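**Student:** FYI, in our numbering the residues of the sequence shown are 97 to 576. Glycine residues also receive a C-beta, built at the ideal position from the N, C-alpha and C atoms. Keep in mind the model is a prediction, meaning the values are calculated, not measured. This is the structure I want to talk about, given as structure tokens.
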Amino acid sequence: MSVRVRFAPSPTGYLHIGGARTALYNWLYARAVGGTFVLRIEDTDLERSKREYEELQKEDLKWLGIIHDEGPDKPNPKYGPYRQSERLDIYMKYALDLIEKDLAYYDFTTGEELEAIKAENEAEGVHTHYQGKWKNPGMKTEALAKIAAGEKPAIRFRAPMKAFALNDKVKGEVVYPADMVGDFVIIRSSGLPVYNYCCVVDDMLMEITHVIRGEDHLNNTVRQLMLYEAFKYTPPVFAHVSLLIGQDRQKLSKRHGATSVHLYKDEHYMPEAMCNYLTLLGWSHPEEKDIFTKEEIVPMFGLERFSSHSAIYDLVKFKYVNGQHLRKLTNAELVAQLNTIIPAGHAFHAQATAWKEQCVELLKQKVDFITEMQPMMDDMIFDENVEMTDELKDILSWETTPKIVSYIAAEVAKIEGFASEAQLNVWSEHAKKELGIKGKPLFMGLRAALTGKGHGPDLKFLIPLTPVSVLKKRAAKLGA
Ligand code: GLU
């Protein structure tokens, strides 16, 4: 049987990084084994679910390159529809089948009555599962009469009082003791089904073979196992991946940084870097590599390498991973991105393509994000001002430096455009031979005279990128 996996988001908000990781693991597994990756929309919470969120989540998945093979927009008639809100009749049909077999029953207990029972139990310090009168199989005739009279019951599943065991691919053997859960509602009196129930009906009818999802669903799984048994259907293989936690070991939340994928997209994180980093949060590369594309991982991906420990979400590492991916882009690709990011009218746009490519070659060694390039360029290349830092004041106080500054001021006054690397060598040789300055006073003095700074990138890369008009202004300010 060919592998079928699914990502089943609820469209009640943006795509969360934990959700993106789940989607990614499912995608990787499907690609690794030649299976099918299904997108199912779990929108039975009609009040909170919005089509707009479904679209936004799909957009984020697309941005990450996590493309589904089947879903609302790519239906396979054998398995669709793919939105739970469009499958309500299917859920009802299967629930009636369970009632027919006496594995579920109609329940007219009202919310208030349930509250009262709960309060009573609490007062007596006992914990009992639902024991209402509708549980009694003899009540069915009365129930049907009520329905005929227009009353709307919930449908409650008769939970078997026995232990269940799960052989989870990540967590290993999980045992759910008998009596852990009591009879539970599968369809509310409103006609809307509950998650654990639709999940099973859908996974069964969509022939899902492997469920890879967050560990937070482990408690739900016992209810799902009960339902599979009731339907006499072999459950899929489960892999409950560990939770994402913050550095403080608390559940990941906004306190730890942005938790929605789109915020990272807005901050120009690279989708390749996000997939790379998310893959590492709970799975490890067989050769312990930490930089890769998701396509590179496909041939080696399997359920065996998941960690059962919580994964710590670390923005510092994520940024580092982003920098590694940024440096994999060609200079032409980086320039193309900068062309769209840097505002119109900026001096960058006026430069030749060769200049732009040399510029990114220099900057990419120093940044992890494309957005960091423009501020750095402004500071190192286009800034005509000279900031009198202590470091600069110190260099200017040496008796050799004013000589270099006035020499450079006179030299740059003679040229236009850009000074070449050869030109820089001429200046340096002149200062050495004619001004008699060597070593640190020479190279620091030259740097100060040309850049107005005490440190920075190698002058032979920086100066040919700096407009001479800027060099003139700096030299004038330093000489004043
Ligand atoms: N809609 C559920 C969620 O977003 C899906 C859980 C599952 O994968 O079974 O958490």
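Enumerate in chain order the residues of its own chain whose CB-to-CB distance from P395 is below 8 Å, with the five nearest sequence positions on each side excluded.
**Tutor:** A128
**Student:** Between the beta-carbon of D279 and the beta-carbon of Y226, is there less than 8 Å?
**Tutor:** yes
**Student:** Below 8 Å on the Cβ atoms is my contact criterion, and I expect V271 with E311 to pass it. Report the Cβ-Cβ distance as a whole number of Å.
**Tutor:** Incorrect: roughly 16 Å between the Cβ atoms, too far for contact.
**Student:** Restricting to Cα atoms, I'd like to know which of R309, K361 and V463 is closest to F402.
**Tutor:** If we check each option's Cα against that of F402, R309 comes out closest.
**Student:** Going by DSSP in three states, H526 sits in which element: helix, strand or coil?
**Tutor:** helix
**Student:** For the alpha helix (DSSP H) that contains G207, what are its first and last residues?
**Tutor:** Taken as a continuous stretch (DSSP letters only), the alpha helix (DSSP H) holding G207 covers G207 to E220.
**Student:** In whole angstroms, give me the CA-to-CA distance for N172 and F133.
**Tutor:** 12 Å
**Student:** Just checking C295 against the ligand GLU - is the residue's beta carbon closer than 7 Å to any of the ligand's heavy atoms?
**Tutor:** yes
**Student:** Out of K489, R252, H313 and I533, state which residue places its alpha-carbon closest to the alpha-carbon of R284.
**Tutor:** R252
**Student:** Give me the Cα-Cα distance between K413 and F444, rounded to the nearest whole angstrom.
**Tutor:** 30 Å
**Student:** Pair every Cβ in the segment 424-441 with every Cβ in the segment 450-468, then say whether three or more of these pairs are closer than 8 Å.
**Tutor:** yes
**Student:** Taking a contact to mean a Cβ-Cβ separation below 8 Å, would you say L434 touches M469 in this structure?
**Tutor:** yes
**Student:** What ranges does the beta strand (DSSP E) occupy inside the segment 321-365, keeping only unbroken runs of at least 3 residues that lie completely in it?
**Tutor:** 333-337
**Student:** Kindly provide the ranges of any beta strand (DSSP E) runs that are 3 or more residues long and lie completely inside the segment 224-299, ordered along the chain.
**Tutor:** 250-253, 260-264, 268-272 and 280-283
**Student:** Using a Cβ-Cβ cutoff of less than 6 Å, which residues in the same chain neighbour E517 once the five nearest sequence positions on both sides are dropped?
**Tutor:** K556 and P560
**Student:** Does the beta-carbon distance from T108 to D141 come in below 8 Å?
**Tutor:** yes
**Student:** Restricting to Cα atoms, I'd like to know which of T547, N292, G398 and M322 is closest to A261.
**Tutor:** M322
**Student:** Cutting at 7 Å between CB atoms, please list the residues of its own chain near S502, excluding the five before and the five after it.
**Tutor:** Counting only Cβ-Cβ distances below 7 Å, and skipping sequence neighbours, we find G575.
**Student:** Span of the beta strand (DSSP E) holding V101?
**Tutor:** Here the beta strand (DSSP E) through V101 covers R100 to F103.
**Student:** Who pairs with D203 in a beta bridge, going by DSSP?
**Tutor:** A250
**Student:** May I ask you to check if the CB of H313 is nearer than 7 Å to at least one heavy atom of the ligand GLU?
**Tutor:** Correct: H313 has its Cβ closer than 7 Å to the ligand GLU.
**Student:** Who are the near neighbours of A250 in its chain, counting only those whose CB is closer than 6 Å to its CB and skipping five residues on each side?
**Tutor:** D203, V281, R284 and S285
**Student:** Could you say which of V297, I113 and P553 lies nearest to P367 if we only look at CA atoms?
**Tutor:** I113
**Student:** Is P331 near the ligand GLU - that is, is its Cβ less than 7 Å away from at least one heavy atom of it?
**Tutor:** Checking every heavy atom of the ligand GLU against the Cβ of P331, none is found closer than 7 Å.
**Student:** Just the Cα atoms here: how many angstroms apart are G176 and M370?
**Tutor:** 31 Å
**Student:** How is the alpha helix (DSSP H) around I504 delimited, first residue to last?
**Tutor:** T497 to V508
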